[in-house]
Amino acid sequence: MLVMKFGGTSVANCEAITRTISIVENKLQQKPVVVVSALSKVTDLLYRISDHAALKNRMETSELLDQLRSRHIGLAHDLMSDTPSYCHQACEKINEICDNLDSFVGAVCALGELSDRSKAVIISTGEYLSSNIICCAMNARGIRTGFIDARKMIITSSDYLKGEPDQAAIQAKVPGIVSEAYEGNDAVITQGFVSATSDGEPTVLGRGGSDYSASLIGMAIDASVIEIWTDVDGVRTADPRKVENTKCIEKISFEEAAEMAHFGAKVLHPLTIEPAVHKNIPIYVLNSMNPEGKGTVILQSSFIEDGVKSVSFKENILVINIFSTKMINTSGFLKKVFEIFSENKVSVDLISTSEANISVTVDSSQKIDRVVEQLSEFADVYVDRDKSQISVIGKNIINLRGLLQQTFTPLADCKIYMISQGASYVNLSFVVDRNDLTDAVRQIHKFLFENENCN
Ligand code: ADP
Ligand code: ASP
Ligand code: MG
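Numbering (the numbering used here), first residue to last: 13 to 467.
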């Protein structure tokens, strides 16, 4: 079996969905489990709806809900103009989902209180809309397609907005549910991003989580391959939206891909790799707008050559600097510090320490007020804002002579706040001012990938 995940741009409109359905149609022999995201920008819209609901802005939510409904109804008509009964079926479903959401949002507006659980209900609607429409469109095209509600099989903790998958439960549920949905069908379709607790309470896997859904399903059904269909020709040497002349990487290791994603490359959700590694399932990253392209394959490290593969970045991070003379010659100080991060569920990326100082980087989206407050009880704490983190990723980069020189030469005029090289020798990361980011990433990319003599 095969898992095929299609992201927002691959299901953005009638043209994109028609292309996506053809891609699936060509793979029916491999029994695909199709995983879809919400239509492009729909999840953002749903976030806006939930923000307005929390502020009791009923008028604004109603306008946005109307936009949501009309975009999906319009799409159903565009896709199924030749098959009115399927179009009707899709429209009924869209109206049912939108009516339910409307009542739900109305209730949240009335209360003016938005719990994480309620937010999970709202933001997961996009995937229910897209999967229902695409399921109807596939059936209309003659591909008998079974529908699966991801909440029945992607089981997580009750962290409603970033559920932690229970892999044992997922492994136990998915194969049976998929094979039942396959009965009498040529394909099955389900929602990415969407999940639930074991009691059926709604959760989601976090932004960009559809990739993660695909690899969890792939792991559970022992898929031969997991395909991530997106809007770029595979994994590239840097984010093509930021850097010109990027190149497609033909193959990279699981570890390299995981580090790239973890250190900012949006092309994959950071946790996508882990379930696939368990079962050694290759992941392909492919372009739905260029289905003939080779894309990138992500494989076991033994198939991959040493060397620099890409430059990733996180645009907006914070550096928390912790100073204390009590750190000198005492054991247990680091434990105390990191327990505070852990208790407050703030995850740390880079760490560097000196005699009386620890510096850590965290993503700026995380809430650090409590951490700073608690650390300040026994240390001086300074938070540096408007910083960016750049990571050079590649297998065994420690063996590359001159890598540090090549990386830092173009940054001669940049202030560098922290440098860290992981023990796995897969990444070299450092922190610069946010204002310097674009220039720095472009210069490093030029030096590492666009200069024949240096790579
Ligand atoms: P989808 O909606 O298909 O999940 P995303 O927008 O989440 O697509 O991810 C694809 C985007 O990831 C690309 O358009 C690209 O801008 C960005 N990206 C960031 N880093 C890289 C990289 N190294 N290689 C390819 N794409 C990257
Ligand atoms: N629709 C969700 C998001 O935009 C999940 C995904 O696309 O992967 O974050
Ligand atoms: Mg994505």
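For each residue, glycine too, the CB sits at the ideal point set by N, CA and C.
Straight-line gap, residue i to residue j (C-alpha atoms, nearest Å)
{"i": "Leu415", "j": "Ile370", "result": "26 Å"}
{"i": "Lys263", "j": "Ala269", "result": "10 Å"}
{"i": "Ala119", "j": "Asn69", "result": "12 Å"}
{"i": "Asn465", "j": "Phe459", "result": "Note that Asn465 scores a pLDDT of 44, beneath 50, so its modelled location is shaky; the value from the coordinates is reported in the next line. About 9 Å."}
{"i": "Ile402", "j": "Ile240", "result": "25 Å"}
{"i": "Lys259", "j": "Gln417", "result": "22 Å"}
{"i": "Ser400", "j": "Leu126", "result": "31 Å"}
{"i": "Ile61", "j": "Gln203", "result": "20 Å"}
{"i": "Leu141", "j": "Ala102", "result": "9 Å"}
{"i": "Ile167", "j": "Phe420", "result": "44 Å"}
{"i": "Asp451", "j": "Val297", "result": "27 Å"}
{"i": "Gly154", "j": "Asn302", "result": "24 Å"}
{"i": "Glu213", "j": "Ile145", "result": "24 Å"}
{"i": "Asp114", "j": "Thr55", "result": "16 Å"}
{"i": "Val444", "j": "Ile409", "result": "21 Å"}
{"i": "Ala424", "j": "Val453", "result": "13 Å"}
{"i": "Ile334", "j": "Phe266", "result": "34 Å"}
{"i": "Ser336", "j": "Asp381", "result": "19 Å"}
{"i": "Ile106", "j": "Asp94", "result": "19 Å"}
{"i": "Asn299", "j": "Val244", "result": "5 Å"}
{"i": "Glu367", "j": "Asp396", "result": "20 Å"}
{"i": "Asp90", "j": "Glu75", "result": "22 Å"}
{"i": "Val438", "j": "Val393", "result": "30 Å"}
{"i": "Ala132", "j": "Asn38", "result": "34 Å"}
Contact set for residue i: own chain, Cβ-Cβ below 8 Å, skip 5 residues either direction
{"i": "Lys348", "result": "Phe390"}
{"i": "Lys43", "result": "Met13, Leu14, Tyr194 and Ala199"}
{"i": "Asn467", "result": "Confidence in Asn467 is poor, its pLDDT being 40 and thus under 50, which makes the residue's placement unreliable; the coordinate value appears in the next sentence. Closer than 8 Å at the Cβ level, and outside the excluded window around Asn467, lie Gly319, Val320, Leu460 and Phe461."}
{"i": "Leu87", "result": "Asn25, Cys26, Ile29, Leu51 and Ile145"}
{"i": "Ile233", "result": "Met13, Val15, Val45, Val186, Pro187 and Val190"}
{"i": "Val358", "result": "Val374, Gln378, Lys379, Ile380 and Val383"}
{"i": "Asp178", "result": "Ile167, Thr168, Ser169 and Ser210"}
heavy atom of the ligand MG below 7 Å from residue i C-beta
{"i": "Gly220", "result": "yes"}
{"i": "Lys53", "result": "no"}
{"i": "Lys278", "result": "yes"}
{"i": "Asp19", "result": "The displayed chain sequence assigns Gly, not Asp, to residue 19. Checking every heavy atom of the ligand MG against the Cβ of Gly19, one is found closer than 7 Å."}
Check: residue i C-beta below 7 Å from any heavy atom of the ligand ASP
{"i": "Ala50", "result": "yes"}
{"i": "Glu139", "result": "yes"}
{"i": "Asp223", "result": "yes"}
{"i": "Gly204", "result": "yes"}
Residue i beta carbon near the ligand ADP (any heavy atom closer than 7 Å)
{"i": "Arg248", "result": "yes"}
{"i": "Met430", "result": "no"}
{"i": "Met272", "result": "yes"}
{"i": "Ser22", "result": "yes"}
{"i": "Pro252", "result": "yes"}
{"i": "Asp375", "result": "no"}
{"i": "Ser322", "result": "yes"}
Residues bridged to residue i [DSSP beta-bridge criterion]
{"i": "Met150", "result": "In the DSSP output, where bridge partners are listed per residue, Met150 has none listed."}
{"i": "Val360", "result": "Val374"}
{"i": "Ala199", "result": "Thr157"}
{"i": "Tyr296", "result": "Glu239 and Val309"}
{"i": "Tyr394", "result": "Asn333"}
{"i": "Val36", "result": "None; Val36 has no bridge partner."}
{"i": "Asn144", "result": "Beta-bridge pairing links Asn144 to no other residue."}
{"i": "Ile428", "result": "Val444"}
{"i": "Met16", "result": "Val46 and Glu239"}
Chain-order list of residues whose beta-carbon lies under 7 Å from that of residue i (same chain, five-residue window excluded)
{"i": "Ser376", "result": "Asn328, Ile329 and Leu330"}
{"i": "Lys326", "result": "Phe275, Gly276, Asp375, Ser400 and Gln401"}
{"i": "Tyr224", "result": "Leu217, His281, Leu283 and Thr284"}
{"i": "Val23", "result": "Ile29, Thr32, Val48, Ser49, Leu51, Ser142 and Ile146"}
{"i": "Val474", "result": "One cannot answer for residue 474 here, as it falls past the ends of the chain, which runs 13 to 467."}
{"i": "Asn292", "result": "Gln312"}
{"i": "Leu77", "result": "Ile61, Cys110, Leu113, Asp114 and Val117"}
Sequence-distant residues of its chain with Cβ nearer than 6 Å to residue i (five each side left out)
{"i": "Asn257", "result": "Glu462"}
{"i": "Gln41", "result": "none"}
{"i": "Cys148", "result": "Tyr98, Gln101 and Ala102"}
{"i": "Gln433", "result": "Leu440"}
{"i": "Arg156", "result": "Asn197 and Asp198"}
{"i": "Gly19", "result": "Ser49 and Thr242"}
{"i": "Ser227", "result": "Ile238, Thr284, Pro287 and Ala288"}
{"i": "Ala162", "result": "Thr202, Gln203 and Val206"}
{"i": "Gly220", "result": "His281"}
{"i": "Val247", "result": "Ile261, Val279, Val297 and Thr308"}
{"i": "Thr21", "result": "Ser52 and Asp243"}
{"i": "Asp398", "result": "Arg446"}
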